[in-house]
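In what follows, a structure is listed as structure tokens, so that the remarks can point back to it.
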Amino acid sequence: MINNFSKYCASTQISTICTPLIQRSNQAFVVNNGNILRWRKSLETIKQQKAGKLNYAKPYLHIDTCINQATLQKSLENLIPWRKGPYQIGNLQVDSEWRGDMKWDRLSPYIRPLKNKTILDVGSGNGYFTYLMAMEGADIALGIEPFLLFNYQFQAIRCLIKDPPKAFVLPLSLEQMPDSQVFDTIFSMGVLYHQKKPLQHLHKLKNLLTKEGELVLETLIIDKKHGTQIIPKNRYAKMRNVYCLPSVELLQTWLTTAGFKAIKLVDINQTSFVEQCATRWIGDNAQSLQDFLNPDDINLTIEGLPAPRRALFICHKNV
Ligand SMILES: C[S@@+](CC[C@H](N)C(=O)[O-])C[C@H]1O[C@@H](n2cnc3c(N)ncnc32)[C@H](O)[C@@H]1O
């Protein structure tokens, strides 16, 4: 499942942590999940299709190939929900719930060039951004994503690419990463609010950065008129696992406490229906932003809390 990661990893800046990464990933794939047989079968069918060249034809990560559309569509539907993307394989458009290109547009003017760099993409989902990072010329772009389905989605896309870029996704959480200061740029996007201990998450990110390293942090925040933080009692925008929504000011304090320097807030964005919406690729009758907001006031969630706003911070380990 981890392709030629073992072979490639040995020749990169992360060579010292290859062995634990591979061992932990292999363990993660050996779980008792009732869906795995179906996902594996889909992957085997997808591997029969002709692979093609990958390019970024905004908003799509596009694979230029000739496929049997009906067969491929059925196999990819077995891997629903496609939250991140969008992808296009031949003429088949996999319109995911999220338009990843919009986040990429917001951050790319501000980050250091990724060429020849060693990159970590924490909570990479199916690797849409990990591919984009590798396509910028990174030496290696490693995505880590504990949710197994998204690892299968990454593999499904990867086996359709001829000469894939140096992007890999492993089924690991941030907490499972061996402490080693080997990454030049780390992306943590859409992950912090899912953590019960956000400061611990930030400390861990810092410990994985090289001395000159850069952190790209994207997460949900609230306007300070709502206070310093909101700790949702139950759900937030119907999500069960949102633990804390800080103000920008509190988030800056967290970053400083974790030891980051040169902290810059580069963007704040309220999630729109263009960026997040239900499509047939997340399943029939599946819900999305439209269902998570108050129908009479789209500035509030269905629970009456402020609607999702995301801040993008760039900061460094040293000045
Ligand atoms: C909201 S999605 C964001 C995906 C993508 N980074 C983006 O910005 O669109 C959050 C992802 O982080 C993963 N995740 C949550 N906690 C994590 C952790 N501790 N380590 C690594 N990934 C985590 C989840 O499984 C999920 O796929």
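Our numbering applies: residue 77 is where the sequence shown begins, and numbers increase by one. Using N, Cα and C, we set each Cβ at its ideal position, and we do this for glycine too.
Problem - Range of the contiguous alpha helix (DSSP H) that encloses M211 - result: Where M211 is concerned, the enclosing alpha helix (DSSP H) stretches over Y204 to M211.
Exercise for the section: Out of L224, E153 and Y207, point me to the one whose CA is closest to I216's CA. Expected result: Cα-wise, what sits closest to I216 is Y207.
Practice task
Give a single yes or no on whether G161 has its beta carbon closer than 7 Å to a heavy atom of ligand 1.
Solution key: Because no heavy atom of ligand 1 lies under 7 Å away, the Cβ of G161 does not count as near it: no.
Problem - Sequence-distant residues of the same chain with beta carbon closer than 8 Å to C391, five excluded per side - result: These residues qualify, in order along the chain: E290, L291, L293, L331, F336, K337, A338, I339 and K340.
Practice task
Would you give the residue range spanned by the beta strand (DSSP E) that D255 belongs to?
Solution key: Neither: D255 is in no beta strand (DSSP E) and is coded neither H nor E.
Problem - Rounded separation between V398 and R386 - CA only - result: The structure shown has nothing for residue 398, since the chain only spans 77 to 395.
Exercise for the section: State yes or no: is the C-beta of H392 nearer than 7 Å to some heavy atom of ligand 1? Expected result: Ligand 1 has no heavy atom closer than 7 Å to the beta-carbon of H392.
Exercise for the section: Per DSSP, which residues does G128 bridge with? Please list them. Expected result: I237.
Handout entry: Which of helix, strand or coil DSSP assigns to S82
Key = Helix.
Problem - Inter-stretch contact at 8 Å, needing at least 3 Cβ pairs: the region 304-324 / the region 261-273 - result: Taking a cut-off of 8 Å on C-beta distances, the region 304-324 touches the region 261-273, as three or more cross pairs fall below it.
Problem - Cβ-heavy atom distance, K179 to ligand 1, below 7 Å - result: At a threshold of 7 Å, K179 counts as near ligand 1, since its beta carbon sits closer than that to one of the ligand's heavy atoms.
Exercise for the section: Examine ligand 1 and report whether any of its heavy atoms sits within less than 7 Å of the Cβ of F226. Expected result: Relative to ligand 1, the beta carbon of F226 is positioned inside 7 Å of a heavy atom.
Exercise for the section: Can you grab the Cα-Cα spacing for the pair G380 / V324, in whole Å? Expected result: C-alpha separation (whole angstroms): 20 Å.
Handout entry: Of the residues L278, G266, L250 and K287, the one placed nearest Q257, counting alpha carbons only
Key = When each option's Cα is compared against that of Q257, the closest is K287.
Exercise for the section: Flag this pair as yes or no: are the beta carbons of T147 and A127 separated by less than 8 Å? Expected result: Taking 8 Å as the Cβ cut-off, T147 and A127 do not qualify as a contacting pair.
Exercise for the section: Note down the Cα distance separating L369 from A383, rounded to an integer number of angstroms. Expected result: When rounded, the distance between both Cα atoms is 7 Å.
Practice task
Report the option in R175, R234, T355 and F105 whose CA atom is closest to the CA atom of S348.
Solution key: Comparing alpha carbon positions, the residue from R175, R234, T355 and F105 closest to S348 is R175.
Practice task
Work out the CA separation of M253 and P157 for me, nearest whole Å.
Solution key: In a straight line, the C-alpha of P157 is about 27 Å away from that of M253.
Practice task
Just the C-alpha distance for L152 and V267, rounded to the nearest angstrom, thanks.
Solution key: So the alpha carbons of these two residues sit roughly 25 Å apart.
Handout entry: Beta bridge counterpart(s) of P322 as assigned by DSSP
Key = According to DSSP, which records beta bridges pairwise, P322 is partnered with Q305.
Problem - Local Cβ density within 10 Å of D239, reported as buried at 16 or more and exposed below that - result: So D239 counts as exposed.
Handout entry: Selected residue, minimal CA-CA separation from Y312, among T261, L326, D367 and L285
Key = If we check each option's Cα against that of Y312, D367 comes out closest.
Practice task
Output yes or no for whether 8 Å exceeds the beta carbon distance between S101 and L236.
Solution key: When the beta-carbon positions are compared, S101 and L236 stay at least 8 Å from each other.
Practice task
Verify the contact flag: F368, CB atom, against every heavy atom of ligand 1, threshold strictly below 7 Å.
Solution key: False, no ligand heavy atom lies under 7 Å from that Cβ.
Handout entry: Exposure of S118, with buried meaning 16 or more beta-carbon neighbours within 10 Å
Key = Under a 10 Å Cβ-count criterion, S118 is classified as buried, with 16 or more other Cβ atoms of the shown protein chains found around its own Cβ.
Handout entry: Distance, Q231 Cα to P241 Cα
Key = A direct Cα-Cα distance of roughly 13 Å separates P241 from Q231.
Practice task
Would you kindly work out how many angstroms separate the C-alpha atoms of F389 and G199, rounded to a whole number?
Solution key: Approximately 17 Å between the Cα atoms of the pair.
Practice task
List the whole-angstrom C-beta distance separating K282 from K193, where the pair is believed to meet the contact cut-off of C-beta under 8 Å.
Solution key: Actually they are not in contact, since the Cβ atoms of K282 and K193 sit about 17 Å apart, beyond 8 Å.
Problem - Enclosing alpha helix (DSSP H) for L148 [first to last residue] - result: Element bounds for L148: Q145 to E153.
Handout entry: Pairwise C-alpha distance: K83 and P308
Key = Roughly 44 Å between the two C-alpha positions.
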